[in-house]
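Written below as structure tokens is the structure these notes are about.
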Amino acid sequence: MRARLRHLGRDQRGSVAVMSAVVLPCVFGCMALAIDVASMHLERRTLQGLADLAAISAADQPEKAEEIVQNVLAVNNAGSKVAARVEVGSYTATSSLPVANRFGSVGESNAVRVEMEKTASIYFARVFYSGAGPLIRVEATAARENIAQFSIGSRLLSLDGGLANALLSGLFGTRISLRAMDYTALAAADLDLVSLLKGLATEASVSAGTYEELLDSALHVDQILNAAAVVASSQGQGAADIALRQLAGNTDLRRLGVTGRKVLNPGDIGSLSVGETPSGVAAKISAYDLVRATAQAAGTSQIKLDLGLQVPTLAGLTATITLGEPPQNSSWITTGPEGTIVHTAQTRVRLNAELGTIKGFAPLVSLPVMVDIAAADAKLQNITCGKDPATDATATLLVQPSLAAAWIGEPKSEAAWNEFSAPDIRPATVLNVLGLVKVNVSAGTPAQQEFEAASTFSAAEISRGEVKTVPTSRPLGALFGALFTKPQVSAQALGLGIGLGLGGIEDAVFKLVQPAGAVLDPVLAGLLRALGIGVGEADVRVHAIRCGQSSLVM
Numbered sequence: 001m002r003a004r005l006r007h008l009g010r011d012q013r014g015s016v017a018v019m020s021a022v023v024l025p026c027v028f029g030c031m032a033l034a035i036d037v038a039s040m041h042l043e044r045r046t047l048q049g050l051a052d053l054a055a056i057s058a059a060d061q062p063e064k065a066e067e068i069v070q071n072v073l074a075v076n077n078a079g080s081k082v083a084a085r086v087e088v089g090s091y092t093a094t095s096s097l098p099v100a101n102r103f104g105s106v107g108e109s110n111a112v113r114v115e116m117e118k119t120a121s122i123y124f125a126r127v128f129y130s131g132a133g134p135l136i137r138v139e140a141t142a143a144r145e146n147i148a149q150f151s152i153g154s155r156l157l158s159l160d161g162g163l164a165n166a167l168l169s170g171l172f173g174t175r176i177s178l179r180a181m182d183y184t185a186l187a188a189a190d191l192d193l194v195s196l197l198k199g200l201a202t203e204a205s206v207s208a209g210t211y212e213e214l215l216d217s218a219l220h221v222d223q224i225l226n227a228a229a230v231v232a233s234s235q236g237q238g239a240a241d242i243a244l245r246q247l248a249g250n251t252d253l254r255r256l257g258v259t260g261r262k263v264l265n266p267g268d269i270g271s272l273s274v275g276e277t278p279s280g281v282a283a284k285i286s287a288y289d290l291v292r293a294t295a296q297a298a299g300t301s302q303i304k305l306d307l308g309l310q311v312p313t314l315a316g317l318t319a320t321i322t323l324g325e326p327p328q329n330s331s332w333i334t335t336g337p338e339g340t341i342v343h344t345a346q347t348r349v350r351l352n353a354e355l356g357t358i359k360g361f362a363p364l365v366s367l368p369v370m371v372d373i374a375a376a377d378a379k380l381q382n383i384t385c386g387k388d389p390a391t392d393a394t395a396t397l398l399v400q401p402s403l404a405a406a407w408i409g410e411p412k413s414e415a416a417w418n419e420f421s422a423p424d425i426r427p428a429t430v431l432n433v434l435g436l437v438k439v440n441v442s443a444g445t446p447a448q449q450e451f452e453a454a455s456t457f458s459a460a461e462i463s464r465g466e467v468k469t470v471p472t473s474r475p476l477g478a479l480f481g482a483l484f485t486k487p488q489v490s491a492q493a494l495g496l497g498i499g500l501g502l503g504g505i506e507d508a509v510f511k512l513v514q515p516a517g518a519v520l521d522p523v524l525a526g527l528l529r530a531l532g533i534g535v536g537e538a539d540v541r542v543h544a545i546r547c548g549q550s551s552l553v554m
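Note that the UniProt record's numbering gives residue 284 to position 284 of the sequence shown, counting from 1, and the numbers run on in steps of one.
Spelled out as structure tokens, the structure:
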């Protein structure tokens with residue numbers, strides 16, 4: 001008997017069956033729970049997709065949001081199983097607001113929030129779970145976003161070839177010699193933005209990624225100009241094509257690198273893959289504006305020009321232009337929703353005019369004029385689409401023209417002037433005869449606060465490519481008029497001041513200086529126009545509008 005018991009204790013046959021009998025119920029229970037958990041996850045994903053679809057559909061017509069959501073549920077056979085709550089409100093797409101606070105009840109109804117819940121289906125887990133299944137809750141918010149492309153500083157006028165050549169030569173650091181008719185052709189040629197981006201990708205041998213990544217990559221000036229020439233040719237703009245190819249063929253320009261983002265800001269188009277074409281926006285840009293922006297992005301920030309030949313009434317004229325950096329991620333042209341802003345850069349100009357001589361005194365009277373021009377900006381305030389966007393759409397820009405101050409004088413610190421520190425101007429010595437007789441002149445007109453002005457573009461004006469000038473109470477002519485009305489003139493002899501028979505010299509200098517404003521005004525205006533900058537005004541244009549594209553935002 002004992003032997004049999006010992007044998008039974010050593011016998012291992014059937015042990016797996018015993019262990020299986022013990023473990024299998026646990027395995028089956030875990031499998032049942034896993035199946036139910038996976039089923040609940042699938043139900044949540046399906047419900048989230050349903051909420052997303054309902055929110056996007058309802059955002060197209062917020063006034064019928066409740067009806068649209070119920071229709072979506074009915075079409076998907078979910079009406080009796082899913083409870084939905086619909087909230088219509090306003091969505092503000094701005095980085096200054098936390099994501100959770102961008103949807104609210106104040107403002108135009110352009111967004112819909114949909115919350116859905118249903119009871120999860122339970123199969124095998126009912127052994128462990130009594131009553132109804134757990135609730136699944138999801139949420140989706142969609143907004144209808146209207147998009148516009150607009151720019152600042154792009155007045156389409158015939159440009160003075162001599163001034164424009166001098167300016168571009170200074171910016172690029174090489175000799176540019178286009179004719180006046182070439183500049184007119186460039187100013188009049190509107191290039192399709194997406195075609196330009198595609199052409200730029202071809203020039204840069206980029207076939208993957210997004211347009212935004214393309215503009216962030218290392219580019220060269222000639223690549224942008226060649227891409228623009230191809231687009232101009234395809235659009236039948238032969239004169240602009242020739243001018244662009246002439247610029248692109250300049251050997252010095254091929255060596256200049258440029259950051260594409262400083263030239264173009266494509267807005268939401270930038271997120272598209274290279275080669276992709278967006279729907280709804282036929283965005284166009286001026287060929288000359290593209291050349292100018294490329295020159296400013298790739299060239300030097302300080303330009304010295306000899307303009308003596310441009311103004312035959314003067315004995316000589318030189319100009320020094322210092323360009324400031326525009327705000328980060330800003331461009332002269334952009335595409336975006338309401339609240340998007342474009343800027344010009346702050347600019348400082350120094351003109352030195354040689355006016356002539358005074359009888360009895362050999363030296364020329366040299367008159368320095370300083371002009372400080374603040375940045376102008378335009379904000380996309382509102383887009384309305386109407387029943388038929390092709391004819392009813394409008395866009396309103398809130399425009400802040402540039403502030404400007406001017407002086408007759410010299411900066412006390414060259415570095416401070418060029419670095420855009422607060423200007424500190426001293427009287428200018430316009431006449432110096434061997435240190436024996438000196439005549440100083442001073443005048444100044446402080447900057448005046450300018451206020452935002454609304455400018456609305458109709459669909460017809462957008463289609464025509466109309467540019468609107470938003471003026472202020474103080475345009476350039478008025479600024480120079482105030483500056484040269486009563487300049488302060490003082491003479492010194494041997495450092496002793498007036499009273500030594502120098503009153504006649506003061507009068508002579510005054511009579512020579514006072515009319516100079518009328519001569520210098522058009523020269524400065526031409527330079528600034530070529531730069532896309534206006535004093536006491538801002539030129540704005542809306543290039544295109546895309547209405548009512550709904551997308552998920554939260």
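Even for Gly, the Cβ is constructed at its ideal location relative to N, Cα and C.
Computed from a predicted structure; not experimentally measured.
Excluding the five sequence neighbours on either side, which residues of its own chain have a C-beta within less than 7 Å of the C-beta of R254, listed in chain order? Cβ neighbours of R254 beyond the five flanking positions: H220, D222.
Excluding the five sequence neighbours on either side, which residues of its own chain have a C-beta within less than 6 Å of the C-beta of N440, listed in chain order? P427, T429, S490
Per DSSP, cross-strand counterpart(s) of I373: T347, A404
Exposed or buried, what is V535 when buried is set at 16 or more other beta-carbons lying within 10 Å of its beta-carbon? Note on V535: 16 or more other CB atoms within 10 angstroms of its CB, so buried under the neighbour-count rule.
Does DSSP put E354 in a helix, in a strand, or in coil? strand
Out of curiosity, what's the CA-to-CA distance linking A204 and E145? 32 Å
Do A248 and N265 have their C-beta atoms within less than 9 Å of each other? no
Suppose only complete runs of 4+ residues qualify. What are the alpha helix (DSSP H) ranges in the segment 467-554, listed by chain order? 476-485, 503-513, 516-531
Note down, in chain order, each residue of its chain lying with its Cβ closer than 8 Å to the Cβ of Q61, except the 5 sequence neighbours on either side. I68
List the endpoints of the continuous alpha helix (DSSP H) containing L186. 180-188
Reduced DSSP secondary structure (H/G/I, E/B, other) of I269: helix
Please report the straight-line C-alpha distance between I269 and P337, rounded to a whole angstrom. 12 Å
Excluding five sequence neighbours on each side, which residues of the same chain lie with their C-beta closer than 7 Å to the C-beta of C547? N146, C385, P389, A393
Is it buried or exposed for N446, if we count other Cβ within 10 angstroms and need 16 for buried? The displayed chain sequence assigns Pro, not Asn, to residue 446. The residue is exposed, with fewer than 16 neighbouring Cβ atoms inside 10 Å.
Neighbour-count burial assignment, G260, 16 or more Cβ in a 10 Å radius: buried
Can the beta-carbon of V114 be found closer than 9 Å to that of A51? Yes; because the gap between Cβ atoms is below 9 Å, this pair is in contact.
Same chain only: Cβ atoms within 6 Å of M40, ignoring 5 sequence neighbours per side: A120
On the three-state DSSP scale, how would you describe G260? helix
Between which residues of its own chain and Q492 is the CB-CB distance below 6 Å, once the five residues before and five after are set aside? K438
On the DSSP bridge list, what partners appear for G336? A148
Here's the rule: buried if 16 or more other CB atoms are within 10 angstroms of the residue's CB, otherwise exposed. What is E212? buried
Please work out which residues of its chain come closer than 6 Å, Cβ to Cβ, to G170, disregarding the five sequence neighbours upstream and downstream, and give them in chain order. Excluding sequence neighbours, G170 sits near I303, L305.
Do the CB positions of T344 and L380 come within less than 9 Å of each other? no
Proximity winner among L168, K486, A58, relative to T294 (alpha-carbon distances): Just measuring C-alpha positions, the residue of L168, K486, A58 sitting nearest T294 is L168.
Quick check on the DSSP output: what are the complete beta strand (DSSP E) runs of length 3 or more inside the segment 412-461, in order along the chain? 428-433, 437-445, 453-458
In this structure, how does DSSP classify V206 when only helix, strand and coil are distinguished? coil
I need the DSSP call for T391, collapsed to helix, strand or coil. helix
Alpha-carbon spacing of L53 relative to R102, whole angstroms: 20 Å
Helix, strand or coil for S169, going by three-state DSSP, please let me know. helix
Starting from L305, trace the beta strand (DSSP E) in both directions and tell me its first and last residue. 302-306
Secondary structure, alpha helix (DSSP H): runs of 4+ residues fully inside the segment 223-259: 238-248
Roughly how many angstroms separate the alpha carbons of F510 and L317, rounded to a whole number? For F510 and L317, the distance between alpha carbons rounds to 19 Å.
DSSP state of A83 mapped onto helix, strand, coil: strand
Based on the DSSP secondary-structure assignment, which residues constitute the bridge partners of A111? G89, A143
DSSP state of Q61, grouped into three classes? It is coil, neither helix nor strand.
In this structure, how does DSSP classify K359 when only helix, strand and coil are distinguished? coil
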